[in-house]
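To keep things clear, I will list the structure first and then write my remarks on it.
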Amino acid sequence: MASQFAAGYRGVLRELRKSLDPSRKVNPVIKSHYRSVIEGLRSTQNVDGLADINHTIIFLKSQREHQRLLDRYSPLFDLTAQERIKATARRVGLNMPKLHQAGENEGEPKFSSPDTLPILQQAAHHLCDLQETVVFPTETVYGLGAVATITEASSKIFSAKGRPPDNPLIVHVSSVKMLKSLLPPDYLFSEAYQVLMKHFWPGALTLLFPRNSDVIPTIITAGQPSVAVRMPSHPVARALIAVSGMPLAAPSANTSGKPSPTRAEHVVKDLDGKVPLVIDGGSCGVGLESTVVDGLQGDGNIRILRPGGVTVEQIEAVLKQDFPTGRAPSVLVHKRDYQDEEMESAPTTPGMKYRHYSPSVPVTLLCTLSKPAPDQASQSIDTFLASISSPSKVGILAASDSKIWKKIKDIKGYHWHEFPLGPTSTPSLIAQRLFDGLLTLESENVDLILVEEIIEEHEGLAVMNRVRKAAGTTQWVWYE
5 MASQFAAGYR
15 GVLRELRKSL
25 DPSRKVNPVI
35 KSHYRSVIEG
45 LRSTQNVDGL
55 ADINHTIIFL
65 KSQREHQRLL
75 DRYSPLFDLT
85 AQERIKATAR
95 RVGLNMPKLH
105 QAGENEGEPK
115 FSSPDTLPIL
125 QQAAHHLCDL
135 QETVVFPTET
145 VYGLGAVATI
155 TEASSKIFSA
165 KGRPPDNPLI
175 VHVSSVKMLK
185 SLLPPDYLFS
195 EAYQVLMKHF
205 WPGALTLLFP
215 RNSDVIPTII
225 TAGQPSVAVR
235 MPSHPVARAL
245 IAVSGMPLAA
255 PSANTSGKPS
265 PTRAEHVVKD
275 LDGKVPLVID
285 GGSCGVGLES
295 TVVDGLQGDG
305 NIRILRPGGV
315 TVEQIEAVLK
325 QDFPTGRAPS
335 VLVHKRDYQD
345 EEMESAPTTP
355 GMKYRHYSPS
365 VPVTLLCTLS
375 KPAPDQASQS
385 IDTFLASISS
395 PSKVGILAAS
405 DSKIWKKIKD
415 IKGYHWHEFP
425 LGPTSTPSLI
435 AQRLFDGLLT
445 LESENVDLIL
455 VEEIIEEHEG
465 LAVMNRVRKA
475 AGTTQWVWYE
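Residue 5 is where the sequence shown starts when you use our numbering, and the numbers rise one by one after that.
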């Protein structure tokens with residue numbers, strides 16, 4: 005057995021040497037550490053210890069092989085070349101472009117890695133020279149991008165998604181300088197916009213600006229006089245825009261009406277064959293689309309047209325804190341604080357007119373907090389769950405501390421597919437997991453998805469906005 009321990013020691017040193025680049029002698033401290041550990045195992049004739057040594061060798065070997073693959077492949081999903089594999093798609097994440105702030109060019113990236121720039125230049129070539137679409141990660145959801153100032157390029161977004169032409173697009177910029185190039189020359193940022201941009205740009209906040217018709221084609225705004233613009237905070241997104249040197253129109257990278265993708269594999273499964281290039285940046289940190297703000301109305305108030313990654317409470321707080329003159333403007337949420345039927349029929353921003361976020365599986369919203377509508381009845385959760393007749397596979401999306409998880413254990417005859425979203429005390433996590441949950445349950449071929457209501461505060465407001473649009477039916481229930 006002593007010879008086996010000696011062979012194991014030599015094997016560990018061999019793999020350590022192979023892992024070094026360039027190959028050189030192993031650090032004597034590390035070498036001495038392994039020697040003392042293995043000698044201790046040999047002195048006790050520890051059979052389990054011998055297995056641990058072999059596992060160490062396997063681990064070192066697999067790490068070296070993973071690094072070899074990582075160095076070989078690009079982080080781009082080239083959907084026309086099947087030999088490109090997903091295993092290396094995170095390389096961009098290892099060498100994120102660093103950001104700096106400098107006046108007009110605030111937010112322009114600097115590249116610290118020689119590998120990053122060529123990768124993004126390849127994507128920029130697709131966007132600018134070929135006038136194709138490219139899918140790229142943002143902090144909110146994955147975006148399907150095209151050059152916003154070229155009608156022919158932007159039209160390919162509508163074709164790939166099957167998007168109605170009266171549904172406007174959001175334009176993404178990498179700097180304030182790029183933003184100003186899209187606006188009328190005499191336009192000045194309002195005090196409210198200056199505060200919001202200071203606190204939430206780059207980030208998950210979209211602002212409406214007057215459209216410069218000489219720069220922004222009507223296909224972007226669906227003929228509206230305003231254009232929605234945001235500066236993403238995801239380093240890959242901003243670097244891609246900067247390398248392209250052009251603003252990118254980019255709705256969520258999914259077939260219109262479906263849940264927005266928060267992972268690259270969601271995109272590939274949905275749009276395979278419809279987009280030439282996908283950049284995989286891992287899971288999206290926010291998981292819901294941006295908050296859209298209209299501050300162009302004559303009363304000076306801030307209108308939330310679509311709740312999203314920046315919460316109403318956050319917007320109210322910074323306006324109250326930093327608004328420079330007089331009383332801060334009021335923050336009004338569409339359909340909660342006011343109605344605008346004219347805008348709903350001719351929207352200035354996406355997500356207002358059409359049904360969205362719906363998987364191919366029927367979705368039922370379970371309301372356990374709000375009061376039922378006058379023409380709706382409420383029933384116990386036990387009665388409702390027991391009344392589900394035809395589906396045998398039922399998916400459930402709910403907070404991880406919901407009472408529903410205990411209830412379903414008592415209901416027999418169904419195959420429950422559980423997707424806990426996170427605790428009710430952390431609505432940001434629930435928001436981040438919502439679309440992933442819908443798409444995961446859809447991929448598990450469930451017959452029905454039940455989504456339980458959460459409190460409409462902070463990110464919960466955006467969560468419930470998406471759930472109500474996704475749900476085909478609503479059922480009011482109560483816990484016994």
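All C-beta atoms in this analysis are idealised placements derived from N, C-alpha and C, irrespective of residue type, glycine included.
Please read these numbers as outputs of a predicted model, since none were measured by experiment.
Query: May I ask you to report which of helix, strand or coil DSSP gives H419?; Result: strand
Query: Can you tell me whether G330 is buried or exposed, with buried defined as 16 or more other CB within 10 angstroms of its CB?; Result: exposed
Query: Note down the Cα distance separating E346 from F388, rounded to an integer number of angstroms.; Result: 38 Å
Query: Let me know the secondary structure DSSP gives R307 once reduced to three states.; Result: strand
Query: Going by C-alpha to C-alpha distance, which of Q301, D284, S384, F327 sits closest to D344?; Result: Q301
Query: The alpha helix (DSSP H) that contains L187, what's its start and end?; Result: From DSSP, L187 is part of no alpha helix (DSSP H); its letter is neither H nor E.
Query: Measure the alpha-carbon distance for K262 versus Q8 and round it to whole angstroms.; Result: 58 Å
Query: Let's test the definition: count the other Cβ atoms within 10 Å of the Cβ of Q86 and tell me whether it reaches 16, buried, or not, exposed.; Result: Reliability of the predicted coordinates at Q86 is poor, the pLDDT of 32 falling under 50, and the value obtained from them is presented with this limitation in mind. It counts as exposed.
Query: Are the region 243 to 260 and the region 430 to 438 touching by the rule of at least three beta carbon pairs closer than 8 Å?; Result: no
Query: Going by Cα to Cα distance, which pick from S393, G441, I174, R18 is closest to A402?; Result: G441
Query: Is there contact between the region 231 to 249 and the region 191 to 210, where contact requires at least three CB pairs shorter than 8 Å?; Result: yes
Query: Using a Cβ-Cβ cutoff of less than 6 Å, which residues in the same chain neighbour P333 once the five nearest sequence positions on both sides are dropped?; Result: A196, G304, N305, I306
Query: Within 10 angstroms of its Cβ, does K22 collect 16 or more other Cβ (buried), or is it exposed?; Result: exposed
Query: Spatial neighbours of Y38 within its chain, please: C-beta separation below 6 Å, excluding the five flanking residues on both sides.; Result: V16
Query: Indicate whether L275 and P363 have their beta-carbon atoms separated by less than 9 Å.; Result: no
Query: What do you get for A10, buried or exposed, if any count of 16 or more other CB atoms within 10 angstroms of its CB means buried?; Result: exposed
Query: Looking at the structure shown, is T210 part of a helix, part of a strand, or coil, going by DSSP?; Result: strand
Query: How long is the line joining the alpha carbons of K273 and V279, rounded to whole angstroms?; Result: 11 Å
Query: Checking 9 Å against the spacing of the C-beta atoms, do L209 and S264 come in under that value?; Result: no
Query: If I412 and V481 are in contact, beta carbons under 8 Å, what's the gap, nearest whole angstrom?; Result: Their Cβ separation, rounded to whole angstroms, is 13 Å, which puts I412 and V481 out of contact at 8 Å.
Query: State the Cα-Cα distance for the pair P168 and I174, rounded to the nearest angstrom.; Result: 14 Å
Query: Under a Cβ-count criterion, where at least 16 other Cβ atoms within 10 Å of its own Cβ denotes burial, should H176 be classed as buried or exposed?; Result: buried
Query: Quick check: the Cα distance between V467 and S179, rounded to an integer number of angstroms?; Result: 29 Å
Query: Tell me the start and end of each unbroken beta strand (DSSP E) in the region 214 to 267 that is at least 3 residues and wholly inside, in chain order.; Result: 230 to 234
Query: Could you round the C-beta distance between H421 and T315 to whole angstroms and report it? I think they count as a contact, below 8 Å.; Result: With 8 Å as the limit, H421 and T315 do not qualify as a contact, their Cβ atoms being about 30 Å apart.
Query: Here's a check: name, in chain order, each residue in its chain whose Cβ is nearer than 6 Å to the Cβ of N469, leaving out the five neighbours to either side.; Result: P311
Query: Report the three-state DSSP secondary structure of G15 (helix, strand or coil).; Result: helix
Query: Counting C-beta neighbours from all protein chains within 10 Å, is the total for F81 16 or more, i.e. buried, or is it exposed?; Result: With a pLDDT of 45 at F81, under the threshold of 50, the modelled position of that residue is not reliable, and no figure is offered here.
Query: For the alpha helix (DSSP H) containing G44, list its first residue and its last residue.; Result: 32 to 47
Query: Give the C-beta separation of A253 and G399 to the nearest angstrom, bearing in mind that I take them to be a contact with Cβ-Cβ under 8 Å.; Result: Contact flag wrong, Cβ pair sits at about 33 Å.
Query: Have a look at L124, I61, K416 and flag the residue whose alpha-carbon is nearest the alpha-carbon of F140.; Result: L124
Query: Can you tell me where the alpha helix (DSSP H) holding S432 begins and where it ends?; Result: 431 to 447
Query: What residue range is occupied by the uninterrupted beta strand (DSSP E) comprising F140?; Result: 138 to 140
Query: Is P169 helix, strand or coil when you go by DSSP?; Result: coil
Query: Out of A475, L292, S256, state which residue places its alpha-carbon closest to the alpha-carbon of G147.; Result: S256
Query: Alpha carbon to alpha carbon, what distance is there between H270 and L187?; Result: 34 Å
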